[in-house]
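Note sheet for the following structure.
Residue numbers (the working numbering), protein chains in the order written: chain A, 164 to 709; chain B, 2 to 131; chain C, 47 to 394; chain D, 245 to 610.
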């Protein structure tokens, strides 16, 4: 049995613009083995896979450290298509299927069987005609190998989601020299039964000698199908283990586990909160990629309420939905007043403000001066910084007042810029984030939603942003609902943290709760992914604890 | 393989160009003067008939009395001509068929007497017109 | 120096620099081919005043992110209706001009609202649809000009036919009513239509002022980033309609100003291609598909009209041929093409 | 998938064919009004089908490749006209003249098509408006060439073609030597009707080509790109190159289409013929029930017949109805532009709705 492993990645490291995202990652994979790759968002899984596939983004940002060995030979792909030629297939998280094509056409996309005709001599190979019977034969073979029930003639748009996923995998199987298959969250969109079929198919493929790297947040699936697992955290290998020697709880701990000490001090025990300020009942939000299905919770006056969870589970949808940015339903109360959803202006006028996670897309007017960015929302919703001319007929923009107030915020938040007239696009990410915060503060909100406030900014700026939030909370009594992918950040600043999984709140914990608890809630391990974790009840339990 | 294919392509291109040249020569329309006048070629004189009917390539005939000159169009490099000699009452007394080639714009006059007299080519120098 | 020049060219874009130099060389060459510079300048000024407001009409829609208003003929039609009705009512002088405006503006607002509502349903495809909305409205009005019950003898076909003439003279009604206000005649050739400039300046001021109000600011934000605007509680669709209405109203005013200087009302297919010179002019002035300012309007109109005036006279005397039409086509469409295919550059 | 009831099926049919149905109804009203005889109309339609179908067919391939209506087809028309001008000058007549014109025009069309494709690759998402403006721009260059270059840079011997000033091509060129050369290549007459069989055969051949082309690898790639550029690119299909090829094919075909069109008419309007070619072809295709993203061969023929039926009938109908033929003439112009505007708007609107629906479907069962 002493053969060279199919794939070895040795001492892999990668920096993006001085930001280390991977350090000294090594592992190996035998023929026919399934490796489970787990880790939080941002743990480095995607970067690792990008390196394996030679995605252009890696080369453009200065390459990587270490080596990749396939069948004992060092390889370095310049392009994902090279990786495909070498026998490595990738099943994406998002479907990359042509909607109007049948399963067969998609499985054989750009690898169609063709027949010769004489025009080829003049105009090149692409004028060969398609050999449909042979194509059908090949696709049926691939589908049979996978062992799923899939109509090869069915058009993608008419397929249930699961079948789309099968099509995608069958496409990789059809490649003649397929040795290694990377499956990135293939079960995320599948129903329980479909996922089971897929897992069976994976086992079959493994038995035929195809190795796989399986990325999933559903730890039970990893336990079911993988031979071994690799846990990444902050770009490092935390643990490599045989699946049968470990447990879901243990893996969850490895994934999120961190030092506890520093967070404890940040929370003085004597925080006193007022009456409930925000009441959310059975909220659903139709935000693409962050769907909220059924969420209920309460936030008290003066509290900093954290919302955490893995990407794509719906934590971002909550703030966006309450602020009216995406179609939403359910009941939301601010104090005693009901909030009409789907109307951003109403939410703003009611005294709420929002710092969007999509800084460049939603948060900023990139082409306009910083001043405009800071005052715009306040000006439009509260007529601030305007002068009434002609007896109130015309509301003139008061550029002087705007400059003055912008200067205040620029100084207070230490926004590094030439002047308030500078365009927002010219600022660094951290400073742009501060502009977004200033915009929200300028509205003087009772309740502030902050989404991913530290995403993509450097460490110094991170601390400043968090301190600013804390100060605003302490000095002005602003209630804050903060959504973040970084559990650590939530635990350092929040008074309570709700964890969202599959569009529902799976539990609300105090920041001092042990990390494994958070990890289990995130992975939906308690409710087995069915999301029975009724938000309301969880909410109440925690209140009793306090 | 690539060479074979490129060779094929170049060959096709050449064929196309040749075909184009063929189209040009065979499809080109020429204006021709039809003459029924006395003419002298290489020292030999040819006399016109009193009334003739000339038809090129089986087309519409032109009627020319002695000393007449008319103009018509012919297409391509090679032509057939049918000349009918008429008597005063308009009956055909003699029919003559012949072939000739277009030789260029300088010789764009068709001389019926020359053809009937058996000259080497009926195409003669076109009169200088200003 | 070299760096500066490079920076300037990059800022202005090659086509603009080339066209600017071209115009300059035309003015320099003019005396050598015995074209009077003062007459040319006078012509340029008049045409500048005539077309300025039509170019200004591009600004609101560009600012609100609706793109280039190829649907300008819609507003022009409102203006035509105003002008024709004013003549029908036989009002002359300033009264006639104001009546034309008074009728045209509400009509334009009405058309603009409908047009804006349509454009809101076709976000992303505005320009192509705007073009054809403009075209089909012109064709529709062709039928209307034949059918509408106008009776003024100056306007209908003389010989027993019904329907309006293709060109209607405004002489005796409000010819040069703005142009001649405070106008200057310097020497034999140089004529400055001061009144028209004042009116154009006033319109520019109104536009500028509007962009400095709360609503104007919101409109700019909608164009700059609609998501941002929505998150700040702005009704994006409403703002877009407002911008379309403004643009349409300005087009209506613009055509009436154009007519009082030109002397004729051109009906039927007259307004058909009117959007293109206006679009080309503002782009020539430095506007992009997303951003435009008063400066762009003024510079662009001047450059574009300058070329239109100078090419026939100078090039014709130089080459003894009339190439002005071809040059107009190449320059105006080349400019639009350049703007459409320019990759959006993100500077950091 | 649930089964559809007959009623639903009929409803679906009516909705998806609304445009042709409206036109059929309009014609049904207008034909009796116009007072034209059936024979006249049939003869007229036979001629116009031959005249226009090829031009309209040339629009199909870019639609398959997801590039919308190729307003840049006028580029091809211009290339075809340049070929015809040269061939007229050389006095090559008949079918040979047409073939030679096509051979000369082809490289020009390929060049222009390449330029057009490359420009459109820089303007993804607004191909239509860009190709439209490009048409105008190239028209300027065409005029520059034909009005100033021909007779100066390109020697033109035939004095009948040249303007009196010594260079530049005249406004109207008589193509008598080539008139109907293709139409009546195979002379067949049915009763009193002239049937341009030669052209029909060419069109049929071309339809076969389209059917065959859709089954080639290249055709398949174009369909894939048309539906999702990103996915197609990720699968290794050279997106930009394929898009350029689609436009080149369309341009070359439009060039042949214009040659066929002009041989039928018999005179060429040097500076206007191509202008209208694009607009009429696009309007006809849309009237036939095609959309910006989907066009079939039946759409082409239905569209050509309906559009030209309206075209022929409306002036007379206008005269009978309103007492003015002018009304009818303006009406058909209005309809041509209006139908394009409506089709484009409906398509854009539908796309917006689809996007919303796709987003909603992501939510799944709540």
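In this text, a Cβ means the ideal position worked out from N, Cα and C, and glycines have one as well.
Reduced DSSP secondary structure (H/G/I, E/B, other) of residue i
i	result
residue 319 of chain D	helix
residue 317 of chain A	coil
residue 572 of chain A	helix
residue 94 of chain C	helix
residue 418 of chain D	strand
residue 375 of chain D	helix
residue 608 of chain D	Bear in mind that a pLDDT of 47 at residue 608 of chain D, under 50, signals an unreliable position, so the model cannot answer this.
residue 672 of chain A	strand
residue 164 of chain C	helix
residue 71 of chain B	strand
residue 449 of chain A	coil
residue 249 of chain A	coil
Own chain partners of residue i with C-beta closer than 8 Å, once the 5 adjacent residues on each side are dropped
i	result
residue 337 of chain A	270, 271, 274, 301, 302, 304 and 305
residue 367 of chain A	308, 309 and 310
residue 107 of chain B	126 and 127
Partners in chain C for residue i, counting only beta-carbon separations shorter than 8 Å
i	result
residue 593 of chain D	167 and 168
Cβ-based burial, residue i [other Cβ within 10 Å; buried from 16]
i	result
residue 51 of chain B	exposed
residue 286 of chain A	exposed
residue 572 of chain D	buried
residue 129 of chain C	buried
residue 645 of chain A	buried
residue 156 of chain C	exposed
residue 591 of chain D	buried
residue 598 of chain D	exposed
residue 312 of chain A	exposed
residue 703 of chain A	At residue 703 of chain A the pLDDT is 35, less than 50, meaning the model places this residue with poor confidence; the figure from the coordinates comes in the next sentence. Per the 10 Å Cβ criterion, exposed.
residue 22 of chain B	exposed
residue 203 of chain C	exposed
Beta-carbon neighbours of residue i, restricted to chain B and to distances below 8 Å
i	result
residue 347 of chain D	17, 20, 21 and 24
residue 328 of chain D	Simply none; closest approach about 13 Å.
Cβ neighbours of residue i in the same chain (closer than 7 Å, five flanking residues each side left out)
i	result
residue 575 of chain D	558 and 562
residue 423 of chain A	For residue 423 of chain A, the predicted model reports a pLDDT of 42, less than 50, meaning its position is unreliable and no value from the coordinates is stated.
residue 110 of chain C	265, 268, 269, 285, 286 and 289
residue 84 of chain C	233, 235 and 236
residue 570 of chain A	583
residue 498 of chain A	440
Chain-ordered neighbours of residue i on chain D, where CB pairs are closer than 7 Å
i	result
residue 27 of chain B	340
Check: residue i C-beta below 7 Å from any heavy atom of the ligand COA
i	result
residue 239 of chain A	Judged by which ligands are present, the structure shown has none, so any question about the ligand COA falls away.
Within chain C, the residues that residue i reaches when beta carbons sit closer than 7 Å
i	result
residue 588 of chain D	171, 174, 175 and 178
Proximal residues of chain D, C-beta to C-beta of residue i below 8 Å
i	result
residue 295 of chain C	Those do not exist, as residue 295 of chain C stays about 21 Å from chain D at its closest Cβ, beyond 8 Å.
residue 376 of chain C	381, 384, 385 and 388
Listed by chain order, chain A residues near residue i by CB distance under 8 Å
i	result
residue 9 of chain B	284 and 285
residue 461 of chain D	275, 277, 288, 289, 290, 291, 292 and 293
Inter-residue CB distance, residue i and residue j (contact presumed, cutoff 8 Å)
i	j	result
residue 110 of chain B	residue 122 of chain B	About 11 Å; that fails the 8 Å criterion.
residue 119 of chain C	residue 216 of chain C	With 8 Å as the limit, residue 119 of chain C and residue 216 of chain C do not qualify as a contact, their Cβ atoms being about 20 Å apart.
residue 415 of chain D	residue 514 of chain D	6 Å
Chain-ordered neighbours of residue i on chain A, where CB pairs are closer than 7 Å
i	result
residue 481 of chain D	273
residue 475 of chain D	259, 260 and 261
Beta-carbon neighbours of residue i, restricted to chain C and to distances below 9 Å
i	result
residue 542 of chain A	260, 263, 264 and 278
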